[in-house]
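In our numbering, the protein residues as written are 115 to 416. From the three backbone atoms N, C-alpha and C, an ideal C-beta is built for every residue, glycine too. Values in this document were obtained by computation on a predicted structure and should not be read as measured data.
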Amino acid sequence: MSLERFRRTRMVVLNRGSMVYQAARAMADNHIGSVLVSEPGGLAGILTDRDLALAALGGEIEAKTTSLGEVMSEDVIACDIGADLDEVVRLMREHGVRRIPITESGRLVGLVTFDDLVVDGSIGLDALRSIVVAQLEVEAPQKPAGMLHPQGSARPEQRAAGRARALMRAQARAEATYNRLVGSVLGAARLDRDRSERALLLGLCMLCRRLIPQEAQHLIAQLPSKLQPALDQCLDGPDRIVTADTIRDELARALGLDPERATEVMQAVFKAVGNTVAAGQINEVRGHLPQDMKHLFPTPAS
């Protein structure tokens with residue numbers, strides 16, 4: 115049976131730089147159990163209400179300063195809209211998931227959830243049961259693979275190990291988010307990694323000093339956590355001496371570049387940041403910048 119009826123004209127989609135608390139608010143406001151995460155190249159990940167409970171609460175992650183890129187599931191199993199419901203059931207069962215994004219020519223166009231299958235009524239009870247069983251059989255620290263229930267209480271050392279694993283996963287995701295941002299600067303600016311990192315930190319620090327502290331804090335909260343401690347030292351604005359020209363000149367001095375190359379690097383830095391931070395936050399930043407600095411973050415094309 116065609117998946118066309120699961121095409122959706124309105125979906126809740128956030129980007130990597132959105133905060134975990136924004137995802138929670140979106141789920142509550144829209145009465146949904148997950149949000150999809152996008153990036154310029156397409157679907158980047160998914161975050162479910164269960165992920166929120168396990169990562170944000172069980173993993174002791176701060177919801178207002180942790181980005182979706184650090185906690186979302188990146189290996190998203192999607193299905194082409196030309197497939198049928200049997201394929202969706204197979205994917206849910208084999209991968210132990212309850213949500214399958216629907217794509218068309220690589221573009222996100224819909225979502226099929228387990229609840230949709232139950233309400234739809236065209237899938238038999240045995241098929242629905244097989245999806246639930248497949249999820250229940252997933253291995254967990256207190257439950258061996260293939261079992262439906264935990265096999266005893268966790269000892270303190272097991273609980274500690276579980277928390278350590280959650281922390282390590284969060285740290286690995288944070289490092290990956292930071293590396294993606296640096297990699298974007300590196301590729302566009304044609305610099306080595308060390309100078310790309312220096313350019314990113316310098317450009318962001320000067321931008322934060324041009325903003326009022328509260329707005330700078332909002333921006334910093336959406337950046338990779340690895341950058342945040344250094345940028346927290348750049349909250350002494352608004353410094354009206356900072357302009358696009360002074361940022362360019364400081365990049366030229368710090369990196370040993372001529373003004374033309376420094377301009378290219380500055381553009382690469384702010385383009386990468388604009389692709390990482392939520393569009394709404396970028397618009398807020400632009401609103402606090404003088405006219406001669408607004409071009410640092412061009413208004414996205416509609």
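Distance between residue j and residue i (C-alpha atoms, nearest Å)
i      : j      : result
GLY220 : ASP350 : 44 Å
MET407 : ALA358 : 6 Å
ILE191 : GLN249 : 15 Å
GLY226 : ARG213 : One point to set straight first is that residue 226 is Val, not Gly, in the sequence displayed. Approximately 6 Å between the Cα atoms of the pair.
THR123 : GLN336 : 28 Å
LEU341 : TYR292 : 8 Å
LEU161 : PRO215 : 12 Å
LEU117 : MET125 : 16 Å
PHE120 : ASP198 : 11 Å
LEU157 : LEU150 : 7 Å
GLU311 : ARG204 : 44 Å
Residue from the options with nearest C-alpha to residue i
i      : options                        : result
PRO404 : THR227, ARG354, ASP308         : ARG354
VAL223 : ILE245, CYS193, ARG204, MET206 : CYS193
VAL127 : ARG119, ALA138, VAL356         : ALA138
ASN397 : GLN347, PRO327, HIS332         : HIS332
ALA241 : GLU218, THR217, GLU208         : GLU208
THR217 : VAL202, ASP229, VAL211         : VAL202
ILE361 : ASP346, ASP163, ALA382         : ALA382
GLY159 : SER187, ASN144, ILE175, SER298 : SER187
Sequence-distant residues of its chain with Cβ nearer than 8 Å to residue i (five each side left out)
i      : result
ALA344 : LEU315, CYS319
ALA415 : Residue placement at ALA415 is poorly supported in this model, since its pLDDT is 44, which falls under 50; the coordinates still yield a value, given next. Within the same chain, ALA415 has no close Cβ partners at all.
PRO327 : LEU349, ASP350, GLY351
With 16 other Cβ atoms within 10 Å as the buried cut-off, status of residue i
i      : result
PRO412 : exposed
GLU184 : buried
ASP165 : buried
ARG130 : buried
GLY401 : exposed
LEU239 : exposed
VAL247 : exposed
ALA432 : Outside the displayed span of the chain (115 to 416) sits residue 432, for which this structure offers no information.
Nonlocal neighbours in the same chain, by C-beta distance under 7 Å from residue i, ignoring five residues either side
i      : result
LEU365 : ALA313, LEU316, GLY317, LEU371, ALA376, VAL379, MET380
ARG309 : LEU369
PHE384 : GLY317, LEU410, PHE411
VAL356 : MET320, ARG323, ARG324
ARG307 : VAL296, LEU300
Contact set for residue i: own chain, Cβ-Cβ below 6 Å, skip 5 residues either direction
i      : result
ALA330 : CYS322, LEU349
THR180 : VAL134
THR390 : GLY131, LEU295
(request) Say whether the region 377 to 387 touches the region 303 to 311, bearing in mind that this needs 3 or more beta-carbon pairs closer than 8 Å, one atom from each stretch. (result) yes
(message) Using 8 Å as the cut-off, can you tell me whether the region 127 to 137 makes contact with the region 224 to 240, which would need three or more C-beta pairs spanning the two stretches below that distance?
(response) no
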